[in-house]
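Student: Residue numbers for the sequence shown follow numbering that gives the first Met the number 0, beginning at 0 and rising by one.
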Amino acid sequence: MQDSKYKWWALALLWVAFFLQQGTRQLFGPSVPAMCASFGVDKVAIGVVGTVFAMTYGICVPFAGLTADLFNRKWMVTIGVAIFCGGIFLSGFVASVGLLILTYGILNGFGQTFYYPSATSLVSQLHKDSRATAISILQLGLYIGIVGCGALAGFVAGKGGESWRVPFWIFGGLGLAWAVALAFFLKDTKPVDSTVDLDLRPRPQKASIREALSAVFAKPTAICIILGLAMMIYVDIGFKNWMPSHLQAKFLDACPYLQRWAGLHAVLWHYLGAIVGVMVGSRIGDRLVASRPGIRLELGIVGFVISIPFIVWMAMTQSFALCCVAMLGFGLFRGVYDSNFMASFFDVVNPRYHASGVGIMMCIAFLFGSLSLTVLPWIAKLMDGNMSYSMASLAVFYGLGALTIVLARVRFLKRDCEGK
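#1: Restricting to Cα atoms, I'd like to know which of F329, T66, S117 is closest to F309.
#2: Given L399, which residues of its chain have a CB within under 7 angstroms of its CB, disregarding the five upstream and five downstream residues?
#3: Give the DSSP-derived three-state secondary structure of V348 in the structure shown.
#4: Should K455 go down as buried or exposed, given a rule of 16 or more other Cβ atoms within 10 Å for buried?
#5: Using CA atoms only, rank isn't needed, just tell me which of V277, K249, R24 is closest to G147.
#6: Check whether the Cβ atoms of N500 and S90 lie closer than 9 angstroms to each other.
#7: Only counting the same chain, and skipping five residues up and downstream in sequence, which positions put a Cβ closer than 8 angstroms to that of V405?
#8: Would you mind stating whether I236 and F344 have Cβ atoms separated by less than 9 angstroms?
#9: Count Cβ pairs between the region 20 to 38 and the region 317 to 329 that sit closer than 8 angstroms; are there 3 or more?
#10: State the start and end residues of the unbroken alpha helix (DSSP H) segment that holds P116.
#11: If contact is defined by three or more beta carbon pairs under 8 angstroms, each pair taking one atom from either stretch, is the region 175 to 183 in contact with the region 101 to 116?
#12: With contact counted as at least three CB pairs below 8 angstroms, one residue from each stretch, are the region 59 to 67 and the region 361 to 370 in contact?
#13: Does DSSP put Y256 in a helix, in a strand, or in coil?
#14: Assign L370 to one of three DSSP states: helix, strand, or coil.
#15: Helix, strand or coil, according to DSSP, for L185 in the structure here?
#16: Go through the region 276 to 334 residue by residue and report every complete run of the alpha helix (DSSP H) that reaches 4 residues or more, in order.
#17: Go ahead and label E297 buried or exposed: buried means 16 or more other beta carbons lie within 10 angstroms of its beta carbon, across all protein chains shown.
#18: Looking at the secondary structure, which residues open and close the alpha helix (DSSP H) in which G28 lies?
#19: Could you pull out every residue in the same chain whose Cβ sits closer than 6 angstroms to the Cβ of V43, ignoring the five residues on either side in sequence?
#20: Using only CA atoms, which one of Y352, I145, V179, F250 lies nearest to Y209?
#21: So within the region 370 to 413, which uninterrupted alpha helix (DSSP H) runs reach at least 4 residues, ignoring any that extend past its ends?
#22: Would you mind sorting F216 into buried or exposed? The rule is 16 or more other CB atoms within 10 Å of its CB.
#23: By a C-beta neighbour count over all protein chains shown, 10 Å radius and 16 as the cutoff for buried, is P255 buried or exposed?
#24: Just confirm the distance between the C-beta atoms of L327 and L251, as a whole number of angstroms; I'd bet it's less than 8 angstroms.
#25: Which of the three DSSP states is assigned to W241 in this structure?
#26: Checking contacts by CB at 9 angstroms: is V348 closer than that to chain D?
#27: Could you spell out the range, first to last residue, of the alpha helix (DSSP H) harbouring A94?
#28: Between I100 and V51, what straight-line distance do the alpha-carbon atoms span, to the nearest angstrom?
#29: Once you ignore the five residues that flank L197 on each side, which residues in its own chain have a CB closer than 6 angstroms to its CB?
#30: Could you say which of F38, E161, Y115, D346 lies nearest to D285 if we only look at CA atoms?
#31: Rounded to whole angstroms, what is the Cα-Cα separation between D415 and A314?
#32: Using the beta-carbon count (16 or more within 10 Å), is R333 buried or exposed?
#33: For S193 and V395, I'd like the C-alpha separation in whole angstroms.
#34: Would you grab the beta carbon distance between G79 and Y114 for me? Rounded to a whole angstrom, and I think it's under 8 angstroms.
#35: Look up S135 in the DSSP assignment and say whether it is helix, strand or coil.
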């Protein structure tokens with residue numbers, strides 16, 4: 000298979016894996032009410048499962064990133080898909096919250112760390128001239144996976160009883176089968192070496208934790224991008240996991256069908272907007288970055304800032320239709336942010352440490368972002384169960400994210416790009 004064709008085949012293989020990785024995360028949120036009934040616990044207790052997942056991911060992902068820079072990225076992706084889908088599959092059989100923490104929180108969280116650093120590093124290396132576009136196409140796997148899996152989980156869980164387990168069996172089993180496909184069809188692509196001999200032949204260089212940390216933290220722009228992502232992940236985790244419950248609590252009397260379709264509406268409008276935003280933003284970034292190096296960060300600022308009023312509108316409106324419109328606008332500009340944040344990170348970090356850098360970035364972002372799974376229901380509990388204020392509080396974190404990206408654009412980007 001020619002390299003020009005293989006890079007797109009590889010993207011397709013990784014896209015399905017990303018669909019499964021992100022989609023299986025969305026099985027949790029719409030299933031929360033059914034899980035609470037099944038295990039006899041409240042939402043705060045179930046929220047601990049999601050927090051353990053996010054913290055497991057955050058703690059383990061930097062080591063997965065470093066390992067990807069040292070070893071075979073093909074097998075990192077393949078083994079990761081097998082582990083996390085195994086955890087998802089087993090989650091459909093558990094009989095207690097403790098076991099769900101083990102299968103969904105720990106096993107699933109650990110397996111998912113292997114995928115993203117290796118996959119984004121591979122895509123970035125194979126698509127040098129179309130980096131933002133390729134990563135944005137990969138990002139569509141996230142959006143479509145979340146919508147598809149969330150809709151199925153919400154619909155099935157709405158039947159009541161133990162039906163919430165079925166989507167875990169379906170997508171866990173499909174993922175195990177896809178791991179076999181990756182083992183056969185994904186090639187071993189050697190990572191980029193950061194040094195060469197005088198005769199221009201590549202000279203192998205082993206990555207180390209110290210060098211990877213230095214490659215990231217020596218660049219203030221990269222630090223700001225990480226902090227911005229942490230704010231976005233906090234909002235993203237909170238939104239995806241608690242929006243179905245918010246819709247049911249606020250609009251169920253007026254819209255009884257939300258009993259089974261809240262999982263779909265909680266993500267459909269948001270990610271329809273995000274699909275448009277990510278594709279438009281990526282094309283703008285790739286077309287203008289040569290003449291305007293700051294365009295990727297500028298698009299991130301636009302995405303953060305314009306999302307803020309839509310988040311508040313989404314949380315506080317008393318109309319379900321207007322809530323859907325607000326989620327659409329929120330998603331559109333969230334997609335604009337998503338379209339270039341990874342490419343902007345790769346623009347300032349040495350290519351030899353892209354996978355390690357992604358691991359470090361995801362570690363910080365998910366450790367912080369995991370807090371929203373317990374903070375949001377806690378805020379709602381203080382407000383007599385009203386989640387409107389919890390959801391509105393997410394706008395504050397998008398504001399903080401915008402400030403960090405403004406700082407990177409104004410103070411650090413030119414120096415970090417010149418010193419790369």
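All C-beta atoms, glycine included, are put in the ideal place defined by N, C-alpha and C. Every value quoted in this text rests on a predicted model; they were computed, and no experiment measured them.
Tutor: In this structure, then:
#1: Your numbering for residue 309 matches position 310 in the sequence shown. When each option's Cα is compared against that of F309, the closest is F329.
#2: Within the sequence shown, numbered from 1, the residue matching residue 399 stands at position 400. Closer than 7 angstroms at the Cβ level, and outside the excluded window around L399, lie M230.
#3: Counting from one through the sequence shown, the residue named residue 348 turns up at place 349. The answer is coil: DSSP assigns V348 none of H, G, I, E or B.
#4: Given a span of 0 to 419 for the chain in the structure shown, any question on residue 455 remains unanswerable.
#5: Translated into positions along the sequence shown, residue 147 becomes position 148. Among V277, K249, R24, the Cα nearest to that of G147 is on R24.
#6: The shown model of the chain, from 0 to 419, leaves out residue 500, and the question about it has no answer.
#7: Here residue 405 refers to the residue found at position 406 of the sequence shown. I300, listed in sequence order.
#8: Residue numbering aside, residue 236 sits at position 237 when the sequence shown is read from its first letter. Residue numbering aside, residue 344 sits at position 345 when the sequence shown is read from its first letter. Contact: no.
#9: no
#10: Counted from its first residue, the sequence shown places residue 116 at position 117. Here the alpha helix (DSSP H) through P116 covers 114 to 125.
#11: no
#12: yes
#13: What you label residue 256 is simply residue 257 of the sequence shown in a count that begins at 1. Residue state, collapsed to three classes: coil.
#14: On the sequence shown, residue 370 is found 371 positions in, with the first residue counted as 1. Looking at L370 - three-state DSSP - the assignment turns out to be coil, as it is neither helix nor strand.
#15: Residue mapping note: residue 185 aligns to position 186 of the sequence shown, counting from 1. Of the three classes helix, strand and coil, the one that applies to L185 here is coil, per DSSP.
#16: If one requires a minimum length of 4 residues, the alpha helix (DSSP H) runs lying completely within the region 276 to 334 are 294 to 315, in chain order.
#17: Locating residue 297 in the sequence shown gives position 298, where the first residue counts as 1. Only buried fits E297, as 16 or more other CB atoms lie within 10 angstroms of its CB.
#18: On the sequence shown, residue 28 is found 29 positions in, with the first residue counted as 1. That run of the alpha helix (DSSP H) goes 27 to 38.
#19: Taking the sequence shown and counting its residues from 1, one reaches residue 43 at position 44. P376.
#20: On the sequence shown, position 210 is the one that residue 209 refers to. The identity of residue 209 in the sequence shown is Arg, whereas the question assumes Tyr. Looking at the Cα atoms, Y352 is the closest of the given residues.
#21: 371 to 381, 387 to 391, 393 to 406
#22: Translated into the one-based positions of the sequence shown, residue 216 becomes position 217. Exposed, by the Cβ-count rule.
#23: Reading the sequence shown from its first residue, position 256 is the one you call residue 255. Exposed.
#24: On the sequence shown, position 328 is the one that residue 327 refers to. On the sequence shown, position 252 is the one that residue 251 refers to. In this structure L327 is not in contact with L251, their Cβ atoms being roughly 21 angstroms apart against a cut-off of 8 angstroms.
#25: Along the sequence shown, read from residue 1 onward, the residue named residue 241 stands at position 242. Helix.
#26: You won't find chain D in this structure, because it holds only one protein chain.
#27: Translated into positions along the sequence shown, residue 94 becomes position 95. Segment: none, A94 is in no alpha helix (DSSP H) and carries neither H nor E.
#28: If you number the sequence shown from 1, residue 100 lands on position 101. If you number the sequence shown from 1, residue 51 lands on position 52. One C-alpha to the other measures close to 7 angstroms.
#29: In the sequence shown, counting from the first residue as 1, residue 197 sits at position 198. Confidence in L197 is poor, its pLDDT being 35 and thus under 50, which makes the residue's placement too unreliable to answer from.
#30: Position 286 of the sequence shown, counting from 1, holds the residue named residue 285. The option with the nearest alpha carbon to D285 is D346.
#31: Counting from 1 along the sequence shown, the entry for residue 415 is found at position 416. Counting from 1 along the sequence shown, the entry for residue 314 is found at position 315. Cα to Cα, D415 sits roughly 38 angstroms from A314.
#32: Reading the sequence shown from its first residue, position 334 is the one you call residue 333. With 16 or more other Cβ atoms within 10 Å, it is buried.
#33: Residue mapping note: residue 193 aligns to position 194 of the sequence shown, counting from 1. Residue mapping note: residue 395 aligns to position 396 of the sequence shown, counting from 1. Unreliable placement is indicated for S193, whose pLDDT of 47 sits below 50; the coordinate value is still reported in the next sentence. Approximately 39 angstroms, taken between the alpha carbons.
#34: Looking up residue 79 in the sequence shown gives position 80. Looking up residue 114 in the sequence shown gives position 115. About 4 angstroms; that satisfies the 8 angstroms criterion.
#35: Residue numbering aside, residue 135 sits at position 136 when the sequence shown is read from its first letter. Of the three classes helix, strand and coil, the one that applies to S135 here is helix, per DSSP.
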